[in-house]
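Trainee: Shown below is the structure under consideration.
There are 2 protein chains.
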Amino acid sequence: MHDAVAHLAPLLGTWRGEGHGTYPTIESFDYVDEWEFSENGKPFLRFVERTWIGGEPRHTEVGYIRCPAPGVVEIVAAIPTGQAECGTGSVDVSDGLVVATDATVGNTESAKQVDRIVRRFEVDGDTLTYGMEMAAVGEPLTLHLKATLQRVS
Amino acid sequence: MHDAVAHLAPLLGTWRGEGHGTYPTIESFDYVDEWEFSENGKPFLRFVERTWIGGEPRHTEVGYIRCPAPGVVEIVAAIPTGQAECGTGSVDVSDGLVVATDATVGNTESAKQVDRIVRRFEVDGDTLTYGMEMAAVGEPLTLHLKATLQRVS
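Residue numbers (this note's numbering), protein chains in the order written: chain A, 6 to 158; chain B, 6 to 158.
Right under this line is the structure:
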């Protein structure tokens, strides 16, 4: 594992749990959430998220959390609803691990417009808490997703 | 497989071959290239690229090719060197399959600046030809990567 990402090691593995989604423009929903974080010896982690509703695959996204310098985190992600996310973040290791990112978003022509995505990953032992706020379709930054996951591998 | 992406089926699978990289600001290089395209019943393909030089993992990236409407292709990708790519494309099925995309690129703060990425995938039976042009670090759109791959699964 690359030294630059060693402090993110508590994120590595596969996490699964329950999430709740909400947004001013949609009906709230519950979902099954899975996050997988992996590394390949380079100064970044790769992540894949997959969700299910009623046993059916629902959402997925992929990306990287980069550690270009000590204390610096950056995120890039691709979302198949037509978003490309690019931002910066912080890491706090004082009590478990908290990774927080704040990103601007590019949108393909046919996509619903997402302007900003703010993510927060909190690892406490084998529990991962995930929160995502989003500014989209004319709404200001608003809580969209909240999930609590357990390490499954 | 979703009807919207059925015409991209010839891309599905894992491809491996040899590539050559060049750019005005770097030494040219040869590499081993692998592309994997998969689908999950939704109107997009997911791709993962992995490269090696001298047996060592070198580059990787992930993304999606979306088909939001007949004849329309869009691309979103995350590149762990700090780029998030978002663009449109075309599909030509008149002679094999040609998928061409042209994207603008967002860059994280610490990343080398990439402004535009133009990709071309040509499938002819079990051969995939890949070309990538890039406008980056002040250079105009210039050929960066060219690879010829064979289907391995």
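The C-beta atom is built at its ideal place from N, Cα and C for all residues, glycine as well.
Per the contact definition of three or more C-beta pairs closer than 8 angstroms, is the stretch 65–75 of chain A in contact with the stretch 23–34 of chain B?
Mentor: No: fewer than three Cβ pairs fall under 8 angstroms.
Trainee: Is there at least one non-hydrogen atom of the ligand FAD closer than 6 angstroms to the beta-carbon of residue 126 of chain B?
Mentor: As presented, the structure is devoid of all ligands, the ligand FAD included, so that no description of it is given.
Trainee: Tell me, please, whether the CB atom of residue 34 of chain A is closer than 7 angstroms to any CB atom in chain B?
Mentor: No, residue 34 of chain A does not count as interfacial toward chain B.
Trainee: Would you report the Cα separation of residue 94 of chain A and residue 144 of chain A, rounded to the nearest angstrom?
Mentor: Their Cα atoms are separated by approximately 22 angstroms.
Trainee: Give, in chain order, every residue of the stretch 81–102 of chain A whose Cβ lies closer than 9 angstroms to some Cβ of chain B.
Mentor: Against chain B - using a Cβ distance shorter than 9 angstroms - the residues of the stretch 81–102 of chain A are 81, 82, 83, 84, 85, 86, 87, 88, 89, 90, 91, 92 and 93.
Trainee: If we ignore side chains and look at the alpha-carbon of each, how far apart do residue 103 of chain A and residue 76 of chain A end up?
Mentor: Approximately 12 angstroms between the Cα atoms of the pair.
Trainee: Buried or exposed: which applies to residue 92 of chain A, given that a residue is buried once 16 or more other Cβ atoms fall within 10 Å of its Cβ?
Mentor: Buried: at least 16 other Cβ atoms inside 10 Å.
Trainee: Counting along the chain, where does the beta strand (DSSP E) carrying residue 112 of chain A start and finish?
Mentor: Element bounds for residue 112 of chain A: 102–112.
Trainee: Mind checking who residue 139 of chain A pairs with in its DSSP beta bridge?
Mentor: Beta-bridge pairing links residue 139 of chain A to A:122 and A:147.
Trainee: Assign residue 157 of chain A to buried or exposed, taking buried as 16 or more other Cβ atoms, counted over all protein chains shown, within 10 Å of its Cβ.
Mentor: Residue 157 of chain A is exposed by the Cβ-count criterion.
Trainee: Which runs of the beta strand (DSSP E) fall wholly inside the stretch 23–52 of chain B and span at least 3 residues, in chain order?
Mentor: Counting whole runs of 3 or more residues, the stretch 23–52 of chain B contains the beta strand (DSSP E) stretches 31–44.
Trainee: Assuming residue 117 of chain A and residue 141 of chain A form a contact by the criterion Cβ under 8 angstroms, report the distance between their Cβ atoms to the nearest whole angstrom.
Mentor: Indeed, because the Cβ distance is near 7 angstroms, the residues count as touching under 8 angstroms.
Trainee: Cβ of residue 44 of chain B within 7 angstroms of Cβ of residue 54 of chain B?
Mentor: No, these two residues do not count as a Cβ contact at 7 angstroms.
Trainee: Shortest alpha-carbon distance to residue 138 of chain A belongs to which of A:9, A:8, A:25 and A:11?
Mentor: If we check each option's Cα against that of residue 138 of chain A, A:25 comes out closest.
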